[in-house]
Amino acid sequence: MLRAALAVFLASLAAWALFAPLAEPGRWALAQAAFCLLLGRALSLGGVRLIALGLFAPALLLALQWSLPPWVWALAALLTFALARNAPTQRVPFYRSSGEVCRVLSHWLPQGARLCDLGCADARMLFSLARLRPDLVLTGVENAPLPWLAARVRWSLAGRPANVKIVFGDLRRLPLAGFDVLYAFLSPAPMPMLWRRFQREADAGAWLASNSFAVPDAPAERTLPLGGPLQTELLLWRRPHAT
Numbered sequence: 001m002l003r004a005a006l007a008v009f010l011a012s013l014a015a016w017a018l019f020a021p022l023a024e025p026g027r028w029a030l031a032q033a034a035f036c037l038l039l040g041r042a043l044s045l046g047g048v049r050l051i052a053l054g055l056f057a058p059a060l061l062l063a064l065q066w067s068l069p070p071w072v073w074a075l076a077a078l079l080t081f082a083l084a085r086n087a088p089t090q091r092v093p094f095y096r097s098s099g100e101v102c103r104v105l106s107h108w109l110p111q112g113a114r115l116c117d118l119g120c121a122d123a124r125m126l127f128s129l130a131r132l133r134p135d136l137v138l139t140g141v142e143n144a145p146l147p148w149l150a151a152r153v154r155w156s157l158a159g160r161p162a163n164v165k166i167v168f169g170d171l172r173r174l175p176l177a178g179f180d181v182l183y184a185f186l187s188p189a190p191m192p193m194l195w196r197r198f199q200r201e202a203d204a205g206a207w208l209a210s211n212s213f214a215v216p217d218a219p220a221e222r223t224l225p226l227g228g229p230l231q232t233e234l235l236l237w238r239r240p241h242a243t
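Each residue of the sequence shown is one higher than the one before, starting from 1 at the first, in full-length UniProt numbering.
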């Protein structure tokens, strides 16, 4: 989130050096969008976030020129909250796991493993994993309304598979027992909290698999390379067996 804000701020300054926003708003907005895309790529922002950065200034200019009624702004704010409510409240942006993550997990997970995706978004990865490994028991947890709704639609369109479950819930309060693997693609902010809960609540012998984000002062027991610019490696920790 800080990288995105930095890209917008620097792009606005760079565009201002070329065009005065009040005198040439159209050219300034296009220049700002171009700089946002360049800076976003340089800061390893991709996917939805990069597109949103590039469209922000032109969309804002068009909205101002069209004199949109207040309800449109209210609707836009509501949709933004429904899509990414965790960004301001838990500092977890809207991320989706890559296809490479799914491939790596499909090779690493043991037969019949019970996996919980702690923040499954639209559950794209879960259904890809279910196709590759029908023996797995998969649970996806999401508390942003729009991604959760998209995940439920996917589940219905897939024929409501018995080995895939979609839950509306908050990872801060979700029971962590009953799973062999807890998968998370979050951000650095919630990792200490998740680590404490994993050590306290997860089943003995269960694994925590974090996509790219480490736990402070707790080196991973294993790492599996992912090879992406943002999704770089899968970090794995195992909860010791009870004594």
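In this text, a Cβ means the ideal position worked out from N, Cα and C, and glycines have one as well.
Query raised in the report: Among residues of its own chain, excluding the 5 on either side of Val167, which ones have a beta-carbon nearer than 6 Å to its beta-carbon?
Result: Val141
Query raised in the report: From which residue to which residue does the alpha helix (DSSP H) around Gly99 run?
Result: 99-108
Query - Backbone CA spacing between Leu235 and Ala113 [nearest angstrom] - result: 18 Å
Query raised in the report: Going by beta carbon distance, what residues of the same chain come within less than 8 Å of Pro88, once the five residues before and after it are set aside?
Result: Low confidence applies to Pro88: its pLDDT is 47, below 50, so where it sits in the model is not reliable enough to give any reading.
Requested in this report: Taking the CB atoms as reference points, tell me whether Leu182 and Trp207 lie closer together than 9 Å.
Outcome: yes
Report task. May I ask you to report which of helix, strand or coil DSSP gives Phe185? Result -> coil
Query raised in the report: DSSP three-state call for Ala34: helix, strand or coil?
Result: helix
**Report entry** For Phe19 and Leu115, the rounded distance between their alpha carbons
**Finding:** 52 Å
Query - Residue span of the alpha helix (DSSP H) that contains Phe127, given as start and end - result: 124-132
Query raised in the report: When you compare each of Leu146, Pro145, Leu149, Pro110 to residue 272 by their alpha carbons, which one comes out closest?
Result: Residue coverage of the chain in this structure runs from 1 to 243, which leaves residue 272 outside it and unanswerable.
Query raised in the report: For Phe174, which residues from the same chain have a beta carbon less than 6 Å from its beta carbon, with the 5 sequence-adjacent residues on both sides left out?
Result: In the sequence on display, residue 174 carries Leu and not Phe. Counting only Cβ-Cβ distances below 6 Å, and skipping sequence neighbours, we find Val141.
Query raised in the report: Since Asn211 and Phe185 are thought to touch, with beta carbons under 8 Å apart, how far apart are those beta carbons, to the nearest angstrom?
Result: 4 Å
Query raised in the report: Hey, how far is the Cα of Glu201 from the Cα of Leu64?
Result: 51 Å
Query raised in the report: How is Ala14 classed by DSSP in three states: helix, strand or coil?
Result: helix
Query raised in the report: In three-state terms, what does DSSP make of Phe179?
Result: coil
Requested in this report: With DSSP collapsed to three states, give me the class of Glu221.
Outcome: coil
**Report entry** Residue span of the beta strand (DSSP E) that contains Phe168, given as start and end
**Finding:** 164-168
Requested in this report: Could you say which of Ala209, Gly227, Trp237 lies nearest to Glu221 if we only look at CA atoms?
Outcome: Trp237
Query raised in the report: The alpha helix (DSSP H) with Ala114 in it runs from where to where?
Result: Inspection of the sequence shows that residue 114 is occupied by Arg rather than by Ala. From DSSP, Arg114 is part of no alpha helix (DSSP H) but of the beta strand (DSSP E) over 114-118.
Requested in this report: Look at Leu176 and Arg197 and say whether their C-beta atoms are less than 9 Å apart.
Outcome: yes
Query raised in the report: Between the Cα of Lys165 and the Cα atoms of Leu230, Leu55, Phe127, which residue gives the shortest distance?
Result: Phe127
Query raised in the report: Which one or two residues does DSSP pair with Gly140 in a beta bridge?
Result: Asp117, Ile166
Query - Residue of Val215, Arg133, Ala11 minimising C-alpha distance to Leu38 - result: Ala11
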